[in-house]
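> Handing you this structure, nothing more for now.
Residue numbers (the working numbering): 142 to 408.
Next comes the structure, spelled out in structure tokens:
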């Protein structure tokens, strides 16, 4: 027979291995020094696809993301010890600095300025896909923290005979610690890196039959100064929009806190 009273008073003990579930410890290592260009995070960008019936809609979002991270998993000696997950994220190759000259600055809206820089032909040739970015810092200061800025102007089409003059335009939101660039005037010098990042893979995502049908409708999202790379994508003509012979349709959703913060109204 079973003494039920004793059994009810006795606590049921779980095996030791079930007593405690260890929580994963996550360490994020990001060598990130940035002056915020995009409201959420400075300015790579991602594309995703949404299928709707027989048509394919491409969603183009401006959300600057570090290059794909590498994940390492370390296990402790004990059989059921907690595991340590370490995510190491970087910003691609080390920057190669060249000195650029400020050509012009202008008020783009109540919260942002438009900055145009003269850059080298080599830098210009590295800019092929909208959504790519540069690092920019105080000229000659090796300890200065760079700003990560998406290029707002479209890629430059090489001209016959070549031209040594090339310019990049940036849209920069004013913050408490970036007066060194937002207050720059014509003739000032800044250090600019080579063009970095993969940009918007529009050819791979929109053309062909990757999603069973070429993309017909493009939906674009941006907030605040995040409109910069979206402007580059639109003005590059790489989206294949409109035209006399038809083309894709597009819709832009642009978020700002008030009408005065809408950049590129004249465009």
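Glycine included, C-beta positions come from ideal geometry on N, C-alpha and C. Note that the structure is predicted; figures quoted are calculated from it, not measured.
#1: Report yes if the CB atom of residue 372 is closer than 7 Å to the CB atom of residue 293, and no otherwise.
#2: Output needed for residue 388: all residues of its chain with C-beta closer than 7 Å, excluding positions within five of it in sequence on either side, in chain order.
#3: Starting from residue 263, follow the alpha helix (DSSP H) in both directions and report where the run begins and ends.
#4: Does the Cβ-Cβ distance between residue 355 and residue 272 come in under 7 Å?
#5: Terminal residues of the continuous beta strand (DSSP E) containing residue 331?
#6: Beta strand (DSSP E) containing residue 323: first to last residue?
#7: Just the Cα atoms here: how many angstroms apart are residue 239 and residue 353?
#8: For residue 268, count neighbouring Cβ atoms within 10 angstroms of its own Cβ and tell me buried if that reaches 16, exposed if not.
#9: What is the rounded straight-line gap between the Cα of residue 390 and the Cα of residue 347?
#10: Look up residue 313 in the DSSP assignment and say whether it is helix, strand or coil.
#11: Is residue 393 helix, strand or coil when you go by DSSP?
#12: Going by alpha carbons, who is nearest to residue 331 out of 241, 234, 253 and 359?
#13: Going by Cα to Cα distance, which pick from 365, 335 and 322 is closest to residue 247?
#14: For residue 336, collect the residues of the same chain with a Cβ closer than 7 Å to its Cβ; drop the 5 residues on either side in sequence, then sort them by chain order.
#15: With 16 as the cutoff for other CB atoms within 10 Å, does residue 245 come out buried or exposed?
#16: Compare the beta carbon distance of residue 327 and residue 397 with 7 Å and say whether it is the shorter of the two.
#17: Figure out for me which residue from 363, 309, 291 and 365 has the closest Cα to the Cα of residue 338.
#18: Please go through the same chain and pick out, in chain order, the residues whose beta-carbon is closer than 6 Å to the beta-carbon of residue 295, but skip the five residues on each side of it.
#19: Roughly how many angstroms separate the alpha carbons of residue 101 and residue 408, rounded to a whole number?
#20: When DSSP labels each residue in this structure, what does residue 327 get in the three-state scheme?
#21: Ordered along the chain, which non-local residues of its own chain (more than five positions away) have a Cβ less than 6 Å from that of residue 251?
#22: Pull up the distance between the alpha-carbon of residue 342 and that of residue 329, whole angstroms please.
#23: Helix, strand or coil, according to DSSP, for residue 176 in the structure here?
#24: Kindly give me the distance between the Cβ atoms of residue 453 and residue 253, rounded to whole angstroms, as I take these residues to be in contact under 8 Å.
#25: Just the Cα atoms here: how many angstroms apart are residue 287 and residue 395?
#26: Just the C-alpha distance for residue 289 and residue 349, rounded to the nearest angstrom, thanks.
#27: Quick check on residue 270: does DSSP put it in helix, strand or coil?
Let's see:
#1: Within the chain shown, residue 372 is the residue found at index 231, counting from 1. Within the chain shown, residue 293 is the residue found at index 152, counting from 1. Cβ distance < 7 Å, so residue 372 and residue 293 count as in contact.
#2: Position 247 of the chain shown, counted from the start, is the residue given in the question as residue 388. Cβ within range, chain order: 381 and 382.
#3: Working through the chain shown from its first residue, we reach residue 263 at position 122. Note, residue 263: alpha helix (DSSP H), 262-266.
#4: The residue you call residue 355 lines up with position 214 of the chain shown. The residue you call residue 272 lines up with position 131 of the chain shown. Cβ atoms of residue 355 and residue 272: not closer than 7 Å.
#5: As a working mapping, residue 331 is identified with position 190 in the chain shown. Run containing residue 331: 330-333, per the beta strand (DSSP E) assignment.
#6: Here residue 323 corresponds to residue number 182 of the chain shown, with the count starting at 1. Unbroken run through residue 323 is the alpha helix (DSSP H), 320-323; no beta strand (DSSP E).
#7: By 1-based counting over the chain shown, the position of residue 239 is 98. By 1-based counting over the chain shown, the position of residue 353 is 212. Roughly 44 Å between the two C-alpha positions.
#8: Taking the first residue of the chain shown as position 1, residue 268 is located at position 127. Buried, by the Cβ-count rule.
#9: Taking the chain shown and counting its residues from 1, the one referred to as residue 390 is at position 249. Taking the chain shown and counting its residues from 1, the one referred to as residue 347 is at position 206. Approximately 12 Å between the Cα atoms of the pair.
#10: For the purposes of this step, residue 313 is taken as residue 172 along the chain shown, with counting starting at 1. In the structure shown, residue 313 sits in a strand (DSSP, three-state: E or B).
#11: Against the chain shown, residue 393 aligns to sequence position 252. Residue state, collapsed to three classes: strand.
#12: If you number the chain shown from 1, residue 331 lands on position 190. That would be 241, whose Cα lies nearest to the Cα of residue 331.
#13: As a working note, residue 247 is residue 106 in the chain shown. Looking at the Cα atoms, 322 is the closest of the given residues.
#14: Here residue 336 is taken as the residue at index 195 of the chain shown, counted from 1. In its chain, beyond the 5 residues on either side, 264, 267, 268, 273 and 275 have a beta carbon closer than 7 Å to the beta carbon of residue 336.
#15: Translated into positions along the chain shown, residue 245 becomes position 104. Counting Cβ neighbours within 10 Å, residue 245 comes out exposed, since fewer than 16 surround it.
#16: Here residue 327 corresponds to residue number 186 of the chain shown, with the count starting at 1. Here residue 397 corresponds to residue number 256 of the chain shown, with the count starting at 1. In this structure, residue 397 does not lie closer than 7 Å to residue 327 by Cβ.
#17: On the chain shown, residue 338 is found 197 positions in, with the first residue counted as 1. If we check each option's Cα against that of residue 338, 291 comes out closest.
#18: Here residue 295 corresponds to residue number 154 of the chain shown, with the count starting at 1. Result list for residue 295: 373, 376 and 377, in chain order.
#19: Past the edges of the chain, shown from 142 to 408, lies residue 101, and the structure says nothing about it.
#20: Stepping through the chain shown from its first residue, residue 327 is reached at position 186. Residue 327: coil per DSSP, three-state reduction.
#21: Working through the chain shown from its first residue, we reach residue 251 at position 110. Contacts found: 401 and 402.
#22: In the chain shown, the residue the question calls residue 342 occupies position 201. In the chain shown, the residue the question calls residue 329 occupies position 188. Their Cα atoms are separated by approximately 34 Å.
#23: Working through the chain shown from its first residue, we reach residue 176 at position 35. Note that residue 176 scores 31 on pLDDT, short of 50, meaning its location in the model is unreliable; the coordinates nonetheless yield the value given after this. Three-state DSSP puts residue 176 in coil, outside helix and strand.
#24: One cannot answer for residue 453 here, as it falls past the ends of the chain, which runs 142 to 408.
#25: As a working mapping, residue 287 is identified with position 146 in the chain shown. As a working mapping, residue 395 is identified with position 254 in the chain shown. Rounded to the nearest angstrom, the two C-alpha atoms are 27 Å apart.
#26: Here residue 289 refers to the residue found at position 148 when the chain shown is read from its first residue. Here residue 349 refers to the residue found at position 208 when the chain shown is read from its first residue. Those two C-alpha atoms are separated by around 32 Å.
#27: For the purposes of this step, residue 270 is taken as the residue at position 129 of the chain shown. Three-state result, residue 270: coil.
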